[in-house]
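Worksheet for the structure shown next.
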Amino acid sequence: MLDKIMPFLEVSHLRKSFVSPDGGKSLVVDVENFSLSEGDLFGMRGESGSGKTTFLHLLAGILRPDEGSVILDGTEVSKLNEAARDHLRASAIGYVFQSFNLLQGFTCLENIMLAMSFAGKVNETRAKELLDRVGLSHRLAHYPRQLSIGQQQRVALARALANRPKLVLADEPTGNLDPGNAHKALALLRELCCDAGSALLLVSHDENVIGGFDENLDWSNLNRAFAEAMND
Amino acid sequence: MLRSGPWVILFLATRGLRQYAFSTAVASLAIALAGGLFLGTWKIKEEAKNAFSRSSGGYDAVLGARGSKLQLVLNGLFHLEASPGNLSWEQYELIRDTPGVSEAYPIAVGDNYHGFRLVGTLAEMFEKHEWREDRKYIVQSGGRLFTDNAKEALVGDFVARKLGLKVGDNFHPYHGLTFKEEAKHKDLYVVVGILEATGTPGDKVIWIPIKGIQLMDGHNPETATDVSAVLLNLKGAAGFMLDMKYNKQGNVATLAWPVAGTLASFFERFVWFQRVLEIIAYLVAFVAACVILAILRNAMNERRREIAILRSLGARRATVTSVVLAQAGLITLLGIVGAAFAYLGIGFLAASVVREQTGVLLEPFTYDPSFLYVPIGMLAVGLLSGLLPALQAYRSDVAKNLVQQS
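One line per chain: the protein sequences are Z and L, in this order.
If you read the first sequence in the numbering used here, its first letter stands for residue 706, the second for the next number, and so on.
If you read the second sequence in the numbering used here, its first letter stands for residue 3, the second for the next number, and so on.
In structure tokens, the structure reads:
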């Protein structure tokens, strides 16, 4: 964990379980404490199926925890109603997915502006600047299917930073990229976060990816649910 | 371009429809058809009733031979069907001089010119009678009324345009109410005037002096003074009195009075047809609603991931739900625009067929409350059919549809 004076993301006693196919409850996330400070760039290594995505969903307010709290910049996310969590996600959190999750029926520029629209701050100039920043100023009107994999991920990075979020959550952002593109994407993501002053929490199964972060952690050390499951 | 707030909903909705352009077009077409049929059956029926009432030529009653009142009205005022028989000239004079009868004009039929009916009457009718309140017949410039003893004709506007008749033209009438080449009369008539259009069946008639019909070459000399019917306007309680005299106590003639009542019985004959059209319209509307439902449901199945992505970007449940409802609304709005065009087509077609067949001028585009209620109803049905898919969007599980758990 990070030893910072003013953590702006604080996770305490966070537990989340799902109903398993046999009808029982399966504990997926059990995190006692976790925190990040503003501008931190943090890597977390974890196996597939170990609950990393669920953890990120809990941080982003996509899921509600069964127990515990997530406090982001003084706001207890887990106590917000759904509309407030949606607003928080739109304005304060950027999300990067392994499969990019670009909206296929919309151009690169529209993908970014849509993300802005949900935060209520559409700014076409900034959207173009972001695409320029990721080297895609010549692809504004292109649809995702017309781009290479690497280009799609760069659009996704630009979209995640569209609303100058305080926190960027990156879920296996290099999982679908070849090593060359993965390296570029990671560098770009770190740069963008530094420029915007955003904290970054990146999860990946790849040691090489996580090894590039000064601050990193093994997810199995944090998530007691996964550790117990492994021991069983 | 993309903006915040409700514009996002509209933007997402229109883009979604663009992705399913063919299905959207099919649904809109079905809605247009249903709406056009609804408006068509309702408004055309109402307008036909009104138009036939307006087109009765400004008469309260028709006196004719013993028989059907409807046949008398159709023959005497709408120049359709055959005359049920004749009345003697004395009967005409008798009713003309009856107190309470303000106008009485005899007509005689039995001949045609290229299928258009020749109707014999008195020139006085064109001078005095108002075919609608404050509207008398007007002869187009360069023409005049016929003289009661001459072989002269006054041609209705529709006939003049159809046959290209003009003042100074000559023609031979043909015997009977339908045109037969071999039934040509020897008499030669000259066109002395063309009437201004009235939008009534009178436009489809060639008017000649009543003596012309009565004394036409080849007609039975014994009936040379008979008339086919007498067109009447009545004052005070004359209608009741004459109804009693002719219909209830007499057995020689029939009085079709009031004309509106007789016409109403005529339209009742078509109620079944209207019902059939209404049922078809309901079925088409039901199919259209099902098509919207199917399109949006299928789209929802394909768009679960897209909705999850939107939600992960911060779109609210209400936003994605509104997008689906907006799509249902937009499809319906397209359908409503289509329905307006469909109704334009139906209206023009109906008006032109009715005008061609009867001379009655329908006005299918005058305002009717159905122009408001039908689109509102359509929109309600459209939105209703979008409710289930909208509910699916509302309940969509973001985490499950976004990515596989890792």
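Ideal placement from N, C-alpha and C gives every residue a C-beta, glycine not left out.
>> So, for P849/Z: in the same chain, excluding its five sequence neighbours on each side, which residues have a beta-carbon less than 6 angstroms away from its beta-carbon?
In response: So the qualifying residues of the chain are L807, Q809, Q857.
> Between S696/Z and the rest of its own chain, which residues show a CB-CB distance below 7 angstroms, the 5 nearest in sequence each way excluded?
Replying inline: It is not possible to answer for residue 696/Z, since the shown part of chain Z is limited to 706 through 937.
> Between the C-alpha atoms of S854/Z and K889/Z, what's the straight-line distance to the nearest angstrom?
Replying inline: In the sequence as presented, Ser is not what sits at residue 854/Z; that position holds Ile. In a straight line, the C-alpha of I854/Z is about 12 angstroms away from that of K889/Z.
>> Quick check: is the beta carbon of Q407/L nearer than 8 angstroms to any beta carbon in chain Z?
In response: Note that Q407/L has pLDDT 38, beneath the 50 cutoff, so the model's placement of it is unreliable and no number is given.
> Given a limit of 9 angstroms on CB to CB distance, which residues of the region 4-31 of chain L reach chain Z?
Replying inline: Cβ contacts with chain Z come from L4, R5, S6, G7, W9, V10, F13, L14, R17, G18, R20, Q21.
> My guess is that G457/L and A106/L are in contact by the Cβ rule of under 8 angstroms, so how many angstroms apart are they, rounded?
Replying inline: Shown here, chain L extends from 3 to 408; a query on residue 457/L therefore has no answer.
>> For the ligand PLP, is there any heavy atom lying closer than 7 angstroms to the beta carbon of V339/L?
In response: Because no ligand of any kind appears in the structure shown, any question about the ligand PLP cannot be addressed here.
> What residue range is occupied by the uninterrupted beta strand (DSSP E) comprising T123/L?
Replying inline: Per DSSP, the unbroken beta strand (DSSP E) holding T123/L starts and ends at 118-123.
> List, in order along the chain, the chain Z residues whose C-beta lies closer than 7 angstroms to that of E365/L?
Replying inline: At a beta-carbon threshold of 7 angstroms, none of the residues of chain Z lie near E365/L; the nearest stands roughly 46 angstroms away.
>> Quick check on this structure: which residue in Y176/L, Y396/L, E132/L has the alpha carbon closest to the alpha carbon of G220/L?
In response: Nearest C-alpha to G220/L: Y176/L.
>> For the region 715-736 of chain Z, list every residue whose C-beta sits within 9 angstroms of some C-beta in chain L, in sequence order.
In response: Within the region 715-736 of chain Z, those residues whose Cβ lies closer than 9 angstroms to any Cβ of chain L are, in chain order, F723, V733.
>> Once DSSP output is grouped into helix, strand and coil, what is the label at L257/L?
In response: Here L257/L sits in strand by DSSP.
>> Suppose you measure from the CA of Y139/L to the CA of Y61/L; what does that come to, to the nearest Å?
In response: Those two C-alpha atoms are separated by around 14 angstroms.
>> Rounding to the nearest angstrom, what Cα-Cα distance links L179/L and S85/L in this structure?
In response: So the alpha carbons of these two residues sit roughly 10 angstroms apart.
> Taking the alpha-carbon positions, what's the K51/L to F269/L distance?
Replying inline: In a straight line, the C-alpha of K51/L is about 7 angstroms away from that of F269/L.
> So, does the CB of V400/L fall closer than 8 angstroms to a CB anywhere in chain Z?
Replying inline: Using a CB distance cut-off of 8 angstroms, V400/L counts as an interface residue toward chain Z.
> In three-state terms, what does DSSP make of L719/Z?
Replying inline: L719/Z: strand per DSSP, three-state reduction.
> Which residues mark the beginning and the end of the alpha helix (DSSP H) in which Y345/L is found?
Replying inline: Y345/L -> alpha helix (DSSP H) spans 319-360.
>> Can you tell me which residues form a DSSP beta bridge with S57/L?
In response: In the DSSP output, where bridge partners are listed per residue, S57/L has none listed.
> In whole angstroms, what is the alpha-carbon distance linking L190/L and F173/L?
Replying inline: Taking C-alpha positions only, L190/L is separated from F173/L by approximately 6 angstroms.
>> Does the CB of V860/Z have a neighbour CB from chain L at under 8 angstroms?
In response: For V860/Z, the closest Cβ of chain L is not nearer than 8 angstroms.
>> Which runs of the alpha helix (DSSP H) at least 4 residues long sit entirely within the region 804-845 of chain Z? Give them in chain order.
In response: If only complete runs of 4 or more residues are kept, the region 804-845 of chain Z shows the alpha helix (DSSP H) at 813-823, 829-838, in order along the chain.
> Where in the region 872-918 of chain Z do unbroken runs of the beta strand (DSSP E), each at least 3 residues long, occur, reported from the N-terminal end onward?
Replying inline: With a minimum length of 3 residues, the continuous beta strand (DSSP E) runs that stay inside the region 872-918 of chain Z are 872-876, 904-909.
> At what residues does the beta strand (DSSP E) containing N926/Z begin and finish?
Replying inline: Segment 924-927 is the alpha helix (DSSP H) holding N926/Z; no beta strand (DSSP E) there.
>> Against E270/L, what residues of chain B qualify as contacts under a CB-to-CB distance less than 7 angstroms, listed in chain order?
In response: Of the chains in the structure shown, none is chain B; the protein chains are Z and L.
> Anyone know if the C-beta pair for R864/Z and A820/Z falls short of 8 angstroms?
Replying inline: Result yes, Cβ atoms of R864/Z and A820/Z sit closer than 8 angstroms.
>> Which of the three DSSP states is assigned to K709/Z in this structure?
In response: Low confidence applies to K709/Z: its pLDDT is 46, below 50, so where it sits in the model is not reliable enough to give any reading.
>> Just to confirm my understanding: we take N77/L, look at its own chain, exclude 5 residues before and 5 after, and list those with CB closer than 6 angstroms. What are they?
In response: Excluding the 5 residues flanking it on each side, N77/L has same chain C-beta neighbours closer than 6 angstroms at E83, S85, in chain order.
> Relative to the alpha-carbon of G744/Z, which residue among G729/Z, A887/Z, L872/Z has its alpha-carbon at the smallest distance?
Replying inline: Checking every option, the nearest Cα to that of G744/Z belongs to L872/Z.
> What residues in the region 279-310 of chain L bring their beta carbon closer than 7 angstroms to a beta carbon of chain Z?
Replying inline: For the region 279-310 of chain L, which is checked against every Cβ of chain Z, the residues closer than 7 angstroms are E308.
> Per DSSP, G66/L is paired with what?
Replying inline: DSSP, once it has assigned bridges, lists A231/L, T256/L as partnering G66/L.
>> On a Cα-Cα basis, can you pick out the residue from E92/L, T200/L, E154/L, L74/L that is closest to E135/L?
In response: Looking at the Cα atoms, T200/L is the closest of the given residues.
> Among residues of its own chain, excluding the 5 on either side of K168/L, which ones have a beta-carbon nearer than 8 angstroms to its beta-carbon?
Replying inline: Hits under 8 angstroms: A162, V193, I196.
>> If the criterion is Cβ atoms closer than 8 angstroms, does the pair S387/L and L285/L meet it?
In response: No, these two residues do not count as a Cβ contact at 8 angstroms.
> Taking the C-alpha atoms as reference points, what is the distance between L332/L and F367/L?
Replying inline: Roughly 25 angstroms between the two C-alpha positions.
>> Could you compute how far the alpha carbon of Q73/L sits from the alpha carbon of K250/L?
In response: Between Q73/L and K250/L, the C-alpha separation is close to 18 angstroms.
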